[in-house]
Structures are given as structure tokens and as C-alpha cells.
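Q: Residue numbers for the sequence shown follow numbering that gives the first Met the number 0, beginning at 0 and rising by one.
Every residue gets a Cβ at the ideal spot worked out from N, C-alpha and C, and that includes glycine.
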Amino acid sequence: MESKEHHLTRFHLILLMFFLFISGCAQKISPSKQQISDWKVLLQSQSTWQASGKLAFISNTDRQSANFNWQYIDSKQQLILTSFIGTRILSLKELAQHSELQYDGNTYVDTNSQQLVKRLSGLDLPVAQAPAWLTGTVDNPTNQYDAQGRLTSSAWTDENGQLWQAHYQQFSLVEGMWLPTRMNLSHDKVRIKIQLNSWQF
């Protein structure tokens with residue numbers, strides 16, 4: 000029959016192995032949750048990404064909501080808006096010299112993506128600057144940042160001369176970079192609430 004001391008020794012060895020296993024797992028998992036020291040430089044260098052989430056357009060007289068899938072590939076954008084039951088509202092694709100918008104079963108063309116979307120759907124969205132405001136990398140001397148260097152507010156003028164303001168409420172670490180997950184855009188009497196559910200690079 001084994002002695003009490005031998006049982007305690009075996010128990011301590013099992014506990015030790017368990018804690019070593021747990022610490023080993025923690026070491027493998029933690030790097031994905033850590034901020035990269037030069038994350039801003041890395042983020043600005045990204046030429047391809049995809050984001051999805053929800054948009055809510057709010058004005059004094061109307062409120063519209065949609066799901067979105069936004070892709071950025073080598074300086075060109077693709078945007079798909081769908082209703083909450085999955086019906087496609089519009090599909091925008093930027094090409095070399097113009098943009099194409101599929102809406103209500105027809106295809107429309109314009110050199111200005113923002114004007115194209117607004118003319119057909121009534122939604123005013125600063126598309127040209129989206130790669131900067133979606134990722135929180137707007138370059139403006141009036142920008143405000145938090146203690147971690149994340150953009151909290153910014154303002155810019157779009158290609159149509161309209162002044163836009165952005166306020167960022169929430170961020171998430173994605174591949175070591177801080178990406179917005181909740182933000183508000185506003186222009187004149189229009190406010191756009193944006194929730195970003197996923198980022199892929």
C-alpha cells in the first residue's frame with residue numbers, strides 16, 4: 000500500500016503539470032491579443048481588407064438601417080448593402096475610371112461614388128474617404144486621440160465640399176492593430192451610426 004507521502008508527491012506533480020500546461024496555453028494565445036508597437040504604420044500600409052457590420056442613417060425626418068460588407072482592394076472599393084432580412088439594397092464597385100452601382104435591378108455608372116449612391120438610394124455616405132474613416136486613420140491636424148493613440152474624433156471635407164465629423168466610441172485588437180468597432184459620422188442634420196462586427200486583412 001502506497002504511503003501518504005507518496006500520494007501527496009504524485010498529487011503535487013499532477014498539479015505542477017496542470018499549471019505548466021495552462022501557462023503554456025496562455026503563452027500561445029496571448030500574442031494575438033497584444034498590440035503591435037508600430038500598429039499605426041502597419042494599419043496604414045494595408046492595401047486589402049474587408050469589414051462588415053451595420054449602418055443606421057438618422058435624420059430629422061427619416062431613419063434607415065442596413066447591413067454592409069465593405070471591401071478595399073488596391074485602392075478600389077466594393078460596397079454591398081442589404082436589409083436585415085437579407086435583401087440586397089445596392090452593390091457598388093469602383094473600377095479604373097468610374098464606379099458601377101447595381102440598384103433595383105439596373106446598373107448605373109458615375110465617376111463619383113458618393114453622388115451615385117446618394118442619387119439612387121438617398122443615402123449620403125462619404126465613400127471616397129471611407130478607407131481612412133472606417134479604419135480610424137484620418138489624417139487631420141484637429142484629430143483627437145486617446146492614451147493608446149487611437150483616434151477618438153476627426154473632421155474632413157469630402158469631394159463634394161461637405162464637412163463631416165467622426166466620433167469613435169469603441170475599438171478592438173485585430174492582428175495586433177486597433178480597429179474601430181463603433182463610431183458615429185455626422186454631416187449637417189444627418190447622423191450615421193456604424194457598428195463593425197468583423198475585420199479581415
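State buried or exposed for residue 193, treating a residue as buried only when at least 16 other CB atoms are found within 10 Å of its CB.
A: Counting from one through the sequence shown, the residue named residue 193 turns up at place 194. It counts as buried.
Q: According to DSSP, simplified to helix, strand and coil, what is residue 134?
A: One-based indexing of the sequence shown puts residue 134 at position 135. The answer is helix: DSSP assigns residue 134 an H, G or I state.
Q: Would DSSP call residue 181 helix, strand or coil?
A: Looking up residue 181 in the sequence shown gives position 182. Reduced to three states, the DSSP call for residue 181 is strand.
Q: What whole-angstrom Cβ distance do residue 76 and residue 129 have, given they're in contact under 8 Å?
A: In the sequence shown, residue 76 corresponds to position 77, counting from 1. In the sequence shown, residue 129 corresponds to position 130, counting from 1. Rounded, the Cβ-Cβ distance is 6 Å, consistent with contact.
Q: Where are the alpha helix (DSSP H) runs, 4 residues long or more, that stay fully inside the stretch 107–162, in chain order?
A: You should have 112–120 and 129–134.
Q: Thinking residue 84 and residue 65 are a contact (beta carbons under 8 Å), I'd like their distance in whole angstroms, please.
A: As a position in the sequence shown, residue 84 is number 85, starting the count at 1. As a position in the sequence shown, residue 65 is number 66, starting the count at 1. The pair is not a contact, with the Cβ atoms about 11 Å apart (cut-off 8 Å).
Q: Do residue 52 and residue 195 have their C-beta atoms closer together than 7 Å?
A: On the sequence shown, residue 52 is found 53 positions in, with the first residue counted as 1. On the sequence shown, residue 195 is found 196 positions in, with the first residue counted as 1. For residue 52 and residue 195, yes; Cβs fall inside 7 Å.
Q: Can you name the start and end residues of the alpha helix (DSSP H) that residue 42 belongs to?
A: Here the question's residue 42 lines up with position 43 in the sequence shown. 38–43 is the span of the alpha helix (DSSP H), which, as asked, contains residue 42.
Q: Can you tell me whether DSSP reads residue 32 as helix, strand or coil?
A: Locating residue 32 in the sequence shown gives position 33, counting from the first residue. Three-state result, residue 32: helix.
Q: Please state the DSSP three-state secondary structure of residue 66.
A: On the sequence shown, position 67 is the one that residue 66 refers to. Reduced to three states, the DSSP call for residue 66 is strand.
Q: Beta strand (DSSP E) containing residue 56: first to last residue?
A: Taking the sequence shown and counting its residues from 1, one reaches residue 56 at position 57. Where residue 56 is concerned, the enclosing beta strand (DSSP E) stretches over 47–57.
Q: By Cβ distance, which residues of its chain are closer than 6 Å to residue 108, with the 5 residues on each side in sequence left out?
A: One-based indexing of the sequence shown puts residue 108 at position 109. Cβ within range, chain order: 97 and 99.
Q: Is residue 25 buried or exposed, if buried means 16 or more other CB atoms sit within 10 Å of its CB?
A: Working through the sequence shown from its first residue, we reach residue 25 at position 26. Any answer about residue 25 is weak, because its pLDDT of 39 lies below 50 and its placement is not dependable; what the coordinates show is given next. Flag for residue 25 reads exposed.
Q: Within 10 angstroms of its Cβ, does residue 125 collect 16 or more other Cβ (buried), or is it exposed?
A: Your numbering for residue 125 matches position 126 in the sequence shown. Buried, because 16 or more other Cβ atoms sit within 10 Å of the Cβ of residue 125.
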